[in-house]
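*Asks:* Have a look at the structure that comes next, please.
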DNA sequence: CCTCCTTGCTACGATTTAAGTAGCAGAAAC
DNA sequence: GTTTCTGCTACTTAAATCGTAGCAAGGAGG
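This is the structure:
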């Protein structure tokens with residue numbers, strides 16, 4: 563499936579997550595992701611912009627689109643479950 | 563987050579998906595994933611076994627654990643949403 | 001015991017992807 | 001016109017994945 567293929571790529575979920583509550587510019591996003599290399603970040607951002615998940619707004623930086631936020635909200639039950647999962651592991 | 567890190571790795575979601583309704587042995591799983599190389603498959607399976615998502619049952623092959631099935635069920639609303647998303651794109 | 005399958009899995013060179021660092025080009029501030 | 005901030009590209013090195021071959025163990029048949 564195309565979506566699972568996209569979010570199965572490294573950094574995509576992380577980028578989505580880091581933009582969850584405020585826009586970040588390129589360098590802030592890079593720092594938020596723990597120093598991802600700019601070339602890869604730029605590639606992922608291009609893919610995610612093409613997928614209409616993020617957009618670059620002048621004066622604000624990268625922000626989630628409506629669809630990006632929707633995707634993130636689809637993911638939050640997953641993050642809830644993941645805490646239970648993490649507890650079982652540790 | 564650890565879960566997002568795990569499922570952000572290539573093939574993890576796919577493997578979960580391919581085991582959705584029947585156990586598969588190593589070679590079947592390899593074929594189902596479209597010919598993933600055995601070394602990577604083995605690595606992913608090791609990670610997923612450590613994460614208690616899959617297990618290898620003798621005489622049956624690789625199967626989802628209870629947690630693996632739970633994770634998959636957390637993911638299915640996502641697959642529903644992804645159809646709408648795909649329609650918007652295409 | 002020997003051979004033939006099937007099993008999970010390893011080895012290894014080739015290719016692809018990401019990391020890490022430097023720096024460019026454009027716009028704005030001063 | 002120099003400094004600063006921006007998104008982003010270029011380049012080399014390192015890591016992940018691919019693709020193919022084949023090993024080791026176990027069962028079936030002879």
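Chains as they are written, first to last, in the numbering used here: chain A, 563 to 652; chain B, 563 to 652. No residue lacks a Cβ here, since even glycine has one placed at the ideal position from N, Cα and C. As the structure is a computational prediction, the values presented were derived from the model and not from experiment.
#1: Please decide whether residue 610/A counts as near chain B, where near means a Cβ-Cβ distance under 8 angstroms.
#2: Please determine if the segment 613 to 632 of chain B and the segment 603 to 612 of chain A are in contact, where contact requires at least 3 C-beta pairs separated by less than 8 angstroms.
#3: Let me check you understand the geometry: is the CB of residue 643/B closer than 7 angstroms to at least one non-hydrogen atom of the ligand HEM?
#4: Does the count of Cβ pairs from the segment 580 to 590 of chain B and the segment 571 to 581 of chain A closer than 8 angstroms reach three?
#5: If I follow the unbroken alpha helix (DSSP H) through residue 617/B, where does it start and stop?
#6: Compare the C-beta of residue 632/B with all C-beta atoms of chain A and state if any pair is closer than 8 angstroms.
#7: Under 8 angstroms by Cβ, that's how I've got residue 570/B and residue 572/A pegged, so tell me the actual separation to the nearest angstrom.
#8: Hey, could you find the ends of the beta strand (DSSP E) residue 623/B is sitting in?
#9: Compare the C-beta of residue 625/A against all C-beta atoms of chain B and say whether one is closer than 8 angstroms.
*Replies:* The structure says:
#1: Taking the first chain and counting its residues from 1, one reaches residue 610/A at position 48. No, residue 610/A does not count as interfacial toward chain B.
#2: no
#3: For the structure depicted, the ligand HEM is absent and the ligand set is empty, with no information on it obtainable.
#4: no
#5: Mapped onto the second chain, residue 617/B falls at position 55. From DSSP, residue 617/B is part of no alpha helix (DSSP H) but of the beta strand (DSSP E) over 616 to 619.
#6: The sequence position of residue 632/B within the second chain is 70, counting from 1. Yes, residue 632/B counts as interfacial toward chain A.
#7: To locate residue 570/B, count along the second chain from 1; it is residue 8. To locate residue 572/A, count along the first chain from 1; it is residue 10. Indeed they touch by this definition, with Cβ atoms about 6 angstroms apart.
#8: Residue 623/B sits at position 61 when you count from the first residue of the second chain. It spans 623 to 626 - the beta strand (DSSP E) in which residue 623/B sits, taken as one unbroken run.
#9: On the first chain, position 63 is the one that residue 625/A refers to. False, the Cβ-Cβ gap to chain B never drops below 8 angstroms.
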